[in-house]
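**Q** The structure is given below, and queries will be raised subsequently.
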Amino acid sequence: MQLFLQVTGFGLVDASILALAAVGFTLQWGVGKFINLAYVYLMMLSAFLDYTLTQTLHLEFWLSAALSIGAVGLVSMGMNHYLVLPLARRGVRFFDLLIAGFGVGIVVEFGLQAIYGENFFQIKVAGTRPLKILGMHLTPSQLVIIGIAVLVMVMLHVLLTKTDIGRAIRAISVNPTLAQSCGVRVDFVLNLLWLMSGVLCGLSGLVLAFDTSLFNSGTSAVELPFILAIAMVGGIGSAYGAMGAALLIGLVSNWVDIVNPQYGIVVAVFAGGLVLLLRPEGLFRSPMASLAGSV
Amino acid sequence: MNWVFYATTLGTVFFINLILILSVNLQLGLLGLPNLSFIICLGAGAYVVSIFSLGPAVPGSLQQYFFGAFLPFPIPLILAALVGVAVAFIVGALVLYRMRGHTLAVITLIIVLVVWSVINGTPNFLGGANGLFGIPQPFHSLAGTTLGYGFVFLGYVAVLGCLCFVFNQRFFKSPLGRAARALRENEQAAVALGKDAYRIRLIAVMCGGAMAALSGALLAQYSMIWTPSPWSLDEVFPAIGAMIVGGRGNNWGAALGTFFVSIVIGQGIQWIPFVSSDPGLGSAVQWIGEGVIFIGFLWFRPRGLLPERKARWDHSPRRVGAFGEADGSRPGEGVRPLERSGLVSDSAVSA
Chain A
817 MQLFLQVTGF GLVDASILAL AAVGFTLQWG VGKFINLAYV YLMMLSAFLD
867 YTLTQTLHLE FWLSAALSIG AVGLVSMGMN HYLVLPLARR GVRFFDLLIA
917 GFGVGIVVEF GLQAIYGENF FQIKVAGTRP LKILGMHLTP SQLVIIGIAV
967 LVMVMLHVLL TKTDIGRAIR AISVNPTLAQ SCGVRVDFVL NLLWLMSGVL
1017 CGLSGLVLAF DTSLFNSGTS AVELPFILAI AMVGGIGSAY GAMGAALLIG
1067 LVSNWVDIVN PQYGIVVAVF AGGLVLLLRP EGLFRSPMAS LAGSV
Chain B
35 MNWVFYATTL GTVFFINLIL ILSVNLQLGL LGLPNLSFII CLGAGAYVVS
85 IFSLGPAVPG SLQQYFFGAF LPFPIPLILA ALVGVAVAFI VGALVLYRMR
135 GHTLAVITLI IVLVVWSVIN GTPNFLGGAN GLFGIPQPFH SLAGTTLGYG
185 FVFLGYVAVL GCLCFVFNQR FFKSPLGRAA RALRENEQAA VALGKDAYRI
235 RLIAVMCGGA MAALSGALLA QYSMIWTPSP WSLDEVFPAI GAMIVGGRGN
285 NWGAALGTFF VSIVIGQGIQ WIPFVSSDPG LGSAVQWIGE GVIFIGFLWF
335 RPRGLLPERK ARWDHSPRRV GAFGEADGSR PGEGVRPLER SGLVSDSAVS
385 A
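Chain order of the listed sequences is A and B. Okay, so the first sequence: first residue is 817 according to my numbering, each after it adds one. Okay, so the second sequence: first residue is 35 according to my numbering, each after it adds one.
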């Protein structure tokens, strides 16, 4: 029972990290119609930027975190503006875009490896003494991670439902042509969306680096199956679905890891496949879930 | 002596990769089918050739697998190809009927991840993450020296690679291949003309599975060890990238792309001075080079080095036309057939 509670606590932390990552990913997939394989590699970019800023340049903790997250957001927006949109305009189709995304991903991953080497790095954070809450031993920094995830999800909800930009994103998600003819600047909004998901990506990568004690340029690659599975279980393009699915998959895969640490990933990915086969709109039906998967 | 051995190594790697990329070309190039599960067939072929030539597992030894046998040379290879066909059939029958485009790519990606993680995480089934080692190589009696055996193995993979190449060429030109191309160009028109889309796709995927399994089997025999890492998800996209670089739907393009990606980039990196001194940096720079080249080709030359040739039509005036006109003219001459209008090439994969 103690083990179960403890694993549940870790599952909550995992779910927070995955939720941050998966929401950006699923929005890119559903709204931009682009499966961004570079996403998980960009996560590590923010961790390494933060490492350089804090350890080498000795900037303040929050300042360097904000700078590195913002930088990843800009990189993501640049990738959309200078690579994905022009390629799409040239008539490069979906599957080739996947390869282009993979190309960016390996350039980022192995660029980091070429610069920093294959060694593991560590960013020291305050608050590593575990506290006991409801039978779960969690460090204050892990609690902060959960708090950040909840806060960001609330902000995202406000952004998507209460602002013009959120309405424009939802409109493009449902029907880009109609949205454009209604006066939505599709390319501009897509750039903003990529900026937003890049910020989420950078945030999740940073949080992942804080949570895992040691990281290198390949650390976040293992998150790709989980993020894909969450996007599918939640419904492609559905931000709320991704939040729910992240909680579900984060908890379940950690519980399964008690049995065999290799099978958590299997269960997560298998769930994603089943949902895609049997209920392609995702477990949580929401107005934002567009059927991006069915051509 | 050293250079000659190096050349045989490169040639062997080239032919093994060529078989895999021909398999990709058959599915993604000819049919526009984003089937990523070919990498499972590659793994299956390698495991089958390993367990059928290693003999039963010795209890207490480092490598454990659930079944082993000791069969003479060509049988494990044939079994590997057959298992590749079977795996491709299972996956194809599961997903091809109702999946297209995005969904097909993602669902096959998921199948790859599930199978890979299960085999990687189950130590006693097929060696788990430790893998299998000491896989016997065929034709060892023919050559005494390492160099001599290098030539023997090169000849062995070259024969198989050329056979696969000829097979692909014949497949592309056969009625089935032409129907497959029509299916890629315009599925509704092909189906309206009575082509069974599911059957054509399944046959192509099964042939591709056989070739991928053969490639995996040769790779396992060549390297003598087989672990989950050579058939992980990381190896899927470089194979597809090599096909894109060479030119999809064109077997000569596939060969050229294989040469370019696996030999020119892989070996060219070694000549950069600051890279060659650092082995860790070498592989990183090689991956970066591959990524840059994939993006560059998609940007500047999306149809590849050797683009697919357009279908040619026989306009000789003496032939009786396809529609019964004695002079060979078509009804509505001047209305260009769909295949030539240029709007048809990659539309089958469109988002």
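Cβ coordinates follow ideal geometry from the N, Cα and C atoms, glycine included. Treat the numbers as computed from the prediction; the structure is a model and nothing was measured.
Where do the ends of the beta strand (DSSP E) carrying A:Ile-949 lie?
**A** 947-949
**Q** Could you check if B:Arg-235 belongs to the surroundings of the ligand COA, using beta carbon to heavy atom distance under 7 Å?
**A** Absence of the ligand COA from the depicted structure is noted, as is the absence of any ligand whatsoever, leaving it without description.
**Q** Could you tell me the distance, in whole angstroms, from the CA atom of A:Arg-945 to the CA atom of A:Leu-954?
**A** 8 Å
**Q** Please go through the same chain and pick out, in chain order, the residues whose beta-carbon is closer than 6 Å to the beta-carbon of B:Tyr-81, but skip the five residues on each side of it.
**A** Leu-160
**Q** At the level of alpha carbons, what is the spacing between B:Gly-291 and A:Gly-825?
**A** If you take the alpha carbons of B:Gly-291 and A:Gly-825, they lie about 49 Å apart.
**Q** Does the beta-carbon of B:Ile-109 have 16 or more other beta-carbons within 10 angstroms, so that it is buried, or is it exposed?
**A** exposed
**Q** Between A:Val-920 and chain B, is there a C-beta pair that is closer than 8 Å?
**A** yes
**Q** Rounded to the nearest angstrom, how far is the Cβ of B:Glu-324 from that of B:Gly-275, given a contact under 8 Å?
**A** That belief holds up - the Cβ atoms of B:Glu-324 and B:Gly-275 are roughly 7 Å apart, short of 8 Å.
**Q** For B:Val-295, return the contacting residues in chain A, with the cut-off set at a CB-CB distance below 7 Å.
**A** The premise fails here: B:Val-295 is roughly 12 Å from chain A at the closest Cβ pair, so nothing lies under 7 Å.
**Q** Under a Cβ-count criterion, where at least 16 other Cβ atoms within 10 Å of its own Cβ denotes burial, should B:Ser-68 be classed as buried or exposed?
**A** A small fix is needed here, since residue 68 of chain B is Pro in this sequence, not Ser. Its Cβ being crowded by 16 or more others within 10 Å, B:Pro-68 is buried.
**Q** Do A:Phe-1031 and A:Ala-1084 have their CB atoms nearer than 8 Å?
**A** The Cβ-Cβ distance between A:Phe-1031 and A:Ala-1084 does not fall below 8 Å.
**Q** Can you look up B:Asp-361 in the DSSP assignment and give me helix, strand or coil?
**A** The predicted model places B:Asp-361 with a pLDDT of 47, which falls under 50 and marks its position as unreliable; any figure quoted below should be read in that light. Here B:Asp-361 sits in coil by DSSP.
**Q** Determine whether the beta carbon atoms of A:Ala-1058 and A:Ile-1074 lie at a separation below 8 Å.
**A** Not in contact: A:Ala-1058 and A:Ile-1074 (Cβ atoms no closer than 8 Å).
**Q** Does DSSP put B:Ile-169 in a helix, a strand or coil?
**A** The answer is coil: DSSP assigns B:Ile-169 none of H, G, I, E or B.
**Q** Measuring CB to CB, does B:Ala-115 end up less than 8 Å from B:Ala-238?
**A** no
**Q** With a threshold of 7 Å on Cβ separation, who are the neighbours of A:Gly-1088 within its own chain once the five nearest residues in sequence on each side are excluded?
**A** Leu-1044, Ala-1045, Met-1048, Val-1049
**Q** Beta carbons nearer than 8 Å to chain A: which residues of the region 127-154 of chain B have them?
**A** Correct list: Arg-134, Gly-135, His-136, Thr-137, Ala-139, Val-140, Ile-141, Leu-143, Ile-144, Ile-145, Leu-147, Val-148, Ser-151, Val-152, Asn-154.
**Q** In the DSSP assignment, what residue or residues form a beta bridge with B:Tyr-99?
**A** B:Tyr-99 is bridged by DSSP to B:Leu-160.
**Q** Check whether the Cβ of A:Leu-869 lies closer than 8 Å to any Cβ atom in chain B.
**A** no
**Q** Assuming B:Gly-302 and B:Leu-339 are in contact, meaning their beta carbons sit under 8 Å apart, how far apart are those beta carbons, in whole angstroms?
**A** Not a contact, Cβ separation roughly 16 Å.
**Q** Taking one C-beta from the region 163-183 of chain B and one from the region 1092-1102 of chain A each time, how about it: are there three or more such pairs within less than 8 Å?
**A** Verdict: no, contact absent.
**Q** Please look up how many angstroms separate the CB atoms of B:Gly-77 and B:Gly-250, rounded, as I've assumed it's under 8 Å.
**A** 6 Å
**Q** Which residues, in chain order, does the region 298-332 of chain B contribute to contact with chain A at a C-beta distance below 7 Å?
**A** Gly-314, Leu-315, Ala-318, Val-319, Trp-321, Ile-322, Glu-324, Gly-325, Val-326, Phe-328, Ile-329, Leu-332
**Q** Does any residue of chain A bring its CB to less than 8 Å from the CB of B:Gly-275?
**A** yes
**Q** Compute the distance between the beta-carbons of B:Ala-139 and B:Leu-227, then report whether it is under 8 Å.
**A** no
**Q** With DSSP run on the structure shown, which of helix, strand or coil describes A:Leu-954?
**A** For A:Leu-954, the three-state secondary structure derived from DSSP is strand.
**Q** When we look at the beta-carbon of B:Tyr-40 and count the other beta-carbons within 10 Å, is it buried (16 or more) or exposed?
**A** Under a 10 Å Cβ-count criterion, B:Tyr-40 is classified as exposed, with fewer than 16 other Cβ atoms of the shown protein chains found around its own Cβ.
**Q** I want to verify the contact list: residues of chain B whose CB lies under 7 Å from the CB of A:Phe-926, in sequence order.
**A** Ala-318, Trp-321, Ile-322
**Q** Across the region 854-866 of chain A and the region 889-896 of chain A, are there enough close Cβ pairs to call them in contact, namely three or more that are closer than 8 Å?
**A** yes
**Q** Go through the region 840-882 of chain A residue by residue and report every complete run of the alpha helix (DSSP H) that reaches 4 residues or more, in order.
**A** Complete alpha helix (DSSP H) runs here, min 4: 855-867.
**Q** Could you compute how far the alpha carbon of B:Ala-247 sits from the alpha carbon of B:Val-117?
**A** 8 Å
**Q** If you run the structure through DSSP and keep just helix, strand and coil, what is A:Ile-939?
**A** coil
**Q** Any Cβ of chain B within less than 8 Å of the Cβ of A:Leu-1011?
**A** no
**Q** So which residues on chain A does B:Ile-278 lean against when the C-beta distance must stay under 9 Å?
**A** Neighbours of B:Ile-278 on chain A, chain order: Asp-912, Ile-915.
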